[in-house]
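Peer 1:
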Amino acid sequence: DRLISWTEHPDPGVRYFSFTAAYRASFRWAGPRRADERYVLDLGDLKNLAEVELNGRPFPVLWKPPFRVDVTDALTAGENALVVKVTNLWPNRLIGDEQLPPDRDWTGPAPKPVPEFTGRSLKEIPSWVTDGKPSPTGRYTFTTWWHYKKDAKLLPSGLFGPVELLTEKRLMFRP
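Under my numbering, think of the first position of the sequence shown as 3, with each following residue one higher.
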């Protein structure tokens with residue numbers, strides 16, 4: 003019902019999610035387009051990458067602010083179908099997996115320069131990995147380096163908006 007960081011969601015499956023999620027919406031646009039106007043979809047703020055599709059037409063990946071794309075040629079009078087796919091980074095899933103019991107052994111004590119990071123390496127590849135089985139504790143990830151502690155700060159993720167359709171008018175300047 004509103005755009006929030008996935009890390010603020012009460013469901014751990016959303017809070018610790020790392021990959022791509024799709025936001026879908028439809029909107030009516032009165033049209034028609036004017037020759038001197040362009041229409042730009044502004045996604046506002048998001049983390050970290052976005053793919054936009056309007057009425058089945060895909061646009062290039064947006065990877066840095068401003069998260070805007072010219073949708074003039076895809077916009078139609080009447081109903082419009084918008085899909086915004088947002089991809090975040092991996093740390094939230096790694097931190098989420100730290101909420102579960104351990105499923106591997108790490109070498110030595112963790113160094114102390116940054117409290118939320120551990121910096122330990124894997125002692126040996128567990129048999130469940132070499133046998134191609136899932137983690138016995140339900141973890142989603144497997145790494146050979148222990149990156150985060152379970153209380154590490156989550157990275158903001160998702161689409162925060164505001165999402166707006168902007169009109170740009172071409173102005174002609176004459177000397």
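For each residue, glycine too, the CB sits at the ideal point set by N, CA and C.
(1) Under 9 Å between the Cβ atoms of Pro128 and Asp105?
(2) Would you tell me roughly how many angstroms separate the C-alpha atoms of Trp108 and Ile97, rounded to the nearest one?
(3) Between Ser123, Glu100, Val86 and Val42, which has its C-alpha nearest Ala154's C-alpha?
(4) Roughly how far, in whole angstroms, is the beta-carbon of Gly46 from the beta-carbon of Ala79, given that I think they are within contact range, below 8 Å?
(5) Measure how close the beta-carbons of Pro158 and Lys87 come, nearest whole angstrom, since I'm counting them as under 8 Å.
(6) In or out: Ser197 buried (at least 16 other Cβ within 10 Å) or exposed?
(7) Just checking my contact of Leu64 with Leu77 at CB under 8 Å: how many whole Å lie between their CB atoms?
(8) Tell me whether the beta-carbon of Leu161 lies closer than 9 Å to the beta-carbon of Leu56.
(9) What is the DSSP secondary structure of Thr9, reduced to helix, strand or coil?
Peer 2: Let's see:
(1) yes
(2) 16 Å
(3) Of Ser123, Glu100, Val86 and Val42, the smallest CA-CA separation from Ala154 is found for Glu100.
(4) Not confirmed; about 25 Å, so no contact.
(5) With a Cβ gap of about 17 Å, Pro158 and Lys87 do not count as contacting.
(6) Residue 197 lies beyond the range of the chain shown here (3 to 177); nothing can be said about it.
(7) Between Leu77 and Leu64 the Cβ distance is about 17 Å, and since that is not below 8 Å, they are no contact.
(8) no
(9) Of the three classes helix, strand and coil, the one that applies to Thr9 here is helix, per DSSP.
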